[in-house]
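Visitor: From first to last, the protein sequence lines stand for chains A and R. Numbers 13 to 125, taken from the numbering used here, label the letters of the first sequence in order. Numbers 8 to 118, taken from the numbering used here, label the letters of the second sequence in order.
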Amino acid sequence: GDSVTQKQGQVTLSEDDFLFINCTYSTTTYPTLFWYVQYPGQGPQLLLKVTTANNKGISRGFEATYDKGTTSFHLQKASVQESDSAVYFCALVFPGGNYKPTFGKGTSLVVHP
Amino acid sequence: EAAVTQSPRSKVAVTGGKVTLSCHQTNNHDYMYWYRQDTGHGLRLIHYSYVADSTEKGDIPDGYKASRPSQENFSLILELASLSQTAVYFCASSDERFEQYFGPGTRLTVL
Chain A
13 GDSVTQKQGQ VTLSEDDFLF INCTYSTTTY PTLFWYVQYP GQGPQLLLKV
63 TTANNKGISR GFEATYDKGT TSFHLQKASV QESDSAVYFC ALVFPGGNYK
113 PTFGKGTSLV VHP
Chain R
8 EAAVTQSPRS KVAVTGGKVT LSCHQTNNHD YMYWYRQDTG HGLRLIHYSY
58 VADSTEKGDI PDGYKASRPS QENFSLILEL ASLSQTAVYF CASSDERFEQ
108 YFGPGTRLTV L
């Protein structure tokens with residue numbers, strides 16, 4: 013069945029380091045992909061959306077890319093700041109399905125000054 | 008600005024008691040969702056709805072019921088609360104683009 017895997021449970025970086033988070037999916041169709049960010053004590057908020065039409069999204073210095081060949085999608089940022097410390101979730105909605113979104117387990121990013 | 012509100016923001020319940028969590032959105036969205044969040048499990052979908060008066064089971068519906076009496080309101084009902092249902096619960100809404108807007112969450116503790 014359709015599924016998404018987000019293996020990196022925690023990533024620890026220093027300010028100005030490069031961030032790369034990866035999710036893989038299993039599906040027979042091309043999904044619409046999302047990245048959400050959750051700050052402590054808050055609900056998740058949408059960070060980026062990537063569709064099969066654009067293959068890439070950019071927001072707040074973050075970039076998401078979609079690799080249909082390897083059925084994976086990535087979130088990256090060239091230079092992280094301490095304020096980027098949060099939990100990042102990938103999520104998918106599979107077209108032609110029952111509108112049920114699927115979330116990865118989340119990656120906790122800790123950025124040290 | 009999209010707005011999803013949840014009530015109560017925190018709740019302590021006794022085992023076997025009934026708990027109702029409420030969600031209200033002013034986004035004019037057709038889709039609404041209920042998730043629970045536990046450490047190490049991310050967000051898990053309990054129930055969702057894409058039209059008023061209709062609900063669908065998510066990935067972990069056992070022990071939960073949902074009600075969508077109007078486009079704006081979506082409730083999650085625990086008829087017989089159990090210790091294992093202690094968690095943070097999030098409601099969200101979206102339109103047909105599936106960009107979800109989340110509420111601030113309800114922290115439920117079952118004793």
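Each residue gets a CB set at the ideal place from its N, CA and C atoms; glycine is no exception. Predicted model, so just to flag it, every value in this text is computed and none were measured.
I'd like to know whether the C-beta atoms of T116(R) and T93(R) end up nearer to each other than 7 Å.
Guide: Yes, they are a contact pair.
Visitor: What does F105(R) reach in chain A if we use C-beta pairs closer than 7 Å?
Guide: Simply T44, V105 and P113.
Visitor: Which full runs of the beta strand (DSSP E) of 3+ residues lie inside the region 29-101 of chain A, going along the chain?
Guide: As far as the region 29-101 of chain A is concerned, its whole beta strand (DSSP E) runs of at least 3 residues are 31-38, 44-50, 57-62, 68-71, 74-79 and 84-89.
Visitor: With distances taken from CA atoms, which of Q93(A), T77(A), N110(A) and A90(A) is nearest N34(A)?
Guide: Of the listed residues, the one whose Cα sits closest to N34(A) is T77(A).
Visitor: Given a cut-off of 7 Å, decide if Y37(A) and L121(A) are closer than it, judged by their beta-carbon atoms.
Guide: Contact flag unset, no.
Visitor: Report the residues of the region 35-68 of chain A with a CB closer than 9 Å to any CB of chain R, ordered along the chain.
Guide: Per Cβ criterion, the list reads T44, F46, Y48, Q50, G53, Q54, G55, P56, Q57, L58 and K61.
Visitor: Under 8 Å by Cβ, that's how I've got Q18(A) and K117(A) pegged, so tell me the actual separation to the nearest angstrom.
Guide: That pair is a contact at about 5 Å.
Visitor: In whole angstroms, what is the alpha-carbon distance linking V49(A) and N67(A)?
Guide: Distance between the alpha carbons of V49(A) and N67(A): 20 Å.
Visitor: Whose CA, out of S17(R), V95(R) and M39(R), lies closest to the CA of G65(R)?
Guide: Of the candidates S17(R), V95(R) and M39(R), the one whose C-alpha sits nearest the C-alpha of G65(R) is M39(R).
Visitor: Looking only at C-alpha atoms, which of H36(R), E86(R) and Q107(R) sits nearest to G24(R)?
Guide: Out of H36(R), E86(R) and Q107(R), E86(R) has the C-alpha closest to the C-alpha of G24(R).
Visitor: According to DSSP, simplified to helix, strand and coil, what is Q92(R)?
Guide: Correct three-state label for Q92(R): helix.
Visitor: Assuming G55(A) contacts G110(R) under a Cβ cut-off of 8 Å, what Cβ separation, rounded to an integer in Å, is found between them?
Guide: Indeed, because the Cβ distance is near 6 Å, the residues count as touching under 8 Å.
Visitor: With which residues is F105(R) paired in a DSSP beta bridge?
Guide: Per DSSP, none; premise fails for F105(R).
Visitor: Where in the region 13-70 of chain R do unbroken runs of the alpha helix (DSSP H), each at least 4 residues long, occur, reported from the N-terminal end onward?
Guide: As far as the region 13-70 of chain R is concerned, it has no whole alpha helix (DSSP H) run of at least 4 residues.
Visitor: Nearest to Q32(R) by alpha carbon, out of S17(R), V26(R) and S101(R)?
Guide: That would be S101(R), whose Cα lies nearest to the Cα of Q32(R).
Visitor: Could you check if Y38(R) belongs to the surroundings of the ligand COA, using beta carbon to heavy atom distance under 6 Å?
Guide: No copy of the ligand COA appears in this structure; indeed no ligand is present at all.
Visitor: Answer yes or no: does any C-beta atom of chain R fall closer than 7 Å to that of K19(A)?
Guide: It does not: the Cβ of K19(A) has no partner Cβ on chain R nearer than 7 Å.
Visitor: Note down, in chain order, every chain R residue with its Cβ under 8 Å from the Cβ of F101(A).
Guide: Those are G49 and L50, listed as they occur along chain R.
Visitor: Check whether the Cβ of P15(R) lies closer than 7 Å to any Cβ atom in chain A.
Guide: Output row for P15(R): interface = no.
Visitor: Suppose you measure from the CA of F97(R) to the CA of Q44(R); what does that come to, to the nearest Å?
Guide: Distance between the alpha carbons of F97(R) and Q44(R): 8 Å.
Visitor: Helix, strand or coil for F106(A)? Go by DSSP, reduced to three states.
Guide: In the structure shown, F106(A) sits in coil (DSSP, three-state: anything other than H, G, I, E or B).
Visitor: Classify S56(R): buried if its beta carbon has 16 or more other beta carbons within 10 angstroms, exposed otherwise.
Guide: Classification of S56(R): buried, given that the 10 Å Cβ count is 16 or more.
Visitor: To the nearest angstrom, how far is it from the Cα of V99(A) to the Cα of L58(A)?
Guide: Taking the straight line from one Cα to the other gives about 12 Å.
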